[in-house]
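J.:
Chains as they are written, first to last, in our numbering: chain A, 1 to 86; chain B, 87 to 225.
1. Below 8 angstroms on the Cβ atoms is my guess for residue 140 (chain B) versus residue 153 (chain B); work out the distance and round it to an integer in Å.
2. Where does residue 60 (chain A) sit, in a helix, a strand or coil, going by DSSP?
3. Would you mind stating whether residue 146 (chain B) and residue 34 (chain A) have Cβ atoms separated by less than 9 angstroms?
4. Residue 58 (chain A): beta carbon under 8 angstroms from a heavy atom of the ligand NAD?
5. Hey, how far is the Cα of residue 48 (chain A) from the Cα of residue 22 (chain A)?
6. For residue 87 (chain A), count the other beta carbons within 10 Å of its own beta carbon; 16 or more makes it buried, fewer makes it exposed. Which is it?
7. So what does DSSP say about residue 117 (chain B), is it helix, strand or coil?
8. Consider the Cβ of residue 194 (chain B): report whether some Cβ of chain A lies at a distance smaller than 9 angstroms.
9. Kindly say whether residue 101 (chain B), judged by its beta-carbon, lies nearer than 9 angstroms to any beta-carbon of chain A.
10. Are residue 120 (chain B) and residue 111 (chain B) touching if we call contact CB-CB under 9 angstroms?
11. Flag residue 199 (chain B) as yes if its beta-carbon sits less than 9 angstroms from any beta-carbon of chain A, otherwise no.
12. Within its chain, find whatever has a CB closer than 6 angstroms to the CB of residue 37 (chain A); leave out the 5 residues flanking it on each side and keep chain order.
13. Taking CB distances under 9 angstroms as the criterion, tell me whether residue 137 (chain B) reaches chain A.
14. Could you check what DSSP says for residue 145 (chain B) in three-state terms: helix, strand or coil?
15. Report buried or exposed for residue 190 (chain B), applying the criterion of at least 16 other Cβ atoms within 10 angstroms of its Cβ.
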């Protein structure tokens with residue numbers, strides 16, 4: 001199981017770094033919002049992976065909150081971005 | 087390792103690799119619409135696979151209820167937030183005629199559903215300004 005955690009953690013790390021590159025480059029603000037969405041999905045994945053590693057359920061509540069926060073964030077960005085343009 | 091452990095490992099690695107592919111696609115895909123398409127994959131299928139892996143690993147009822155709650159929340163919120171983002175991306179793409187990410191067929195289909203875009207590109211500033219005046223029944 002340790003090997004699984006290592007492989008999955010590496011995949012998450014590389015995916016997160018690629019999303020961060022898009023977050024920095026992103027030509028439009030929407031690209032940045034999308035990259036943030038991906039990054040937040042990866043954060044939820046890492047929290048869940050931590051729960052699998054430690055075999056305790058105490059971090060899973062954080063995953064619920066973060067996944068809700070991701071929705072609120074992208075909905076708020078979608079509402080506010082058009083005024084930001086031009 | 088038992089069979090259940092193998093299945094849990096496979097689910098965890100598959101879910102993590104979906105995140106990697108989403109990061110790769112968000113970096114490499116050419117336009118915003120394609121990036122949004124790729125970005126929604128780890129949010130639903132990836133989270134579902136990860137929850138399956140963890141649920142098989144910690145087999146207690148409380149944990150499985152919490153995992154189901156996360157999966158249901160993602161199922162409900164991921165399409166809504168992707169839709170909101172795509173709507174903004176579509177309106178902005180309308181302003182740049184050289185942007186080919188929305189085909190004319192898509193545009194004709196979407197124009198029936200987005201009354202605010204009937205104004206045309208030149209009135210975009212006004213269309214966003216009087217947001218409260220838009221017809222009822224949408225967003």
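Backbone N, C-alpha and C define an ideal beta-carbon position, used for all residues, glycine too. Quick caveat: nothing in here was measured; it's all calculated off a predicted structure.
T.: In terms of the structure at hand:
1. 6 angstroms
2. helix
3. At a Cβ-Cβ threshold of 9 angstroms, residue 146 (chain B) and residue 34 (chain A) do not count as neighbours.
4. This structure lacks the ligand NAD; in fact it carries no ligand of any kind.
5. 24 angstroms
6. With chain A covering 1 to 86 only, the question about residue 87 (chain A) has no answer from this structure.
7. coil
8. Chain A contact via Cβ: absent.
9. yes
10. Yes; because the gap between Cβ atoms is below 9 angstroms, this pair is in contact.
11. no
12. Taken in chain order, the residues that qualify are 74.
13. yes
14. coil
15. exposed
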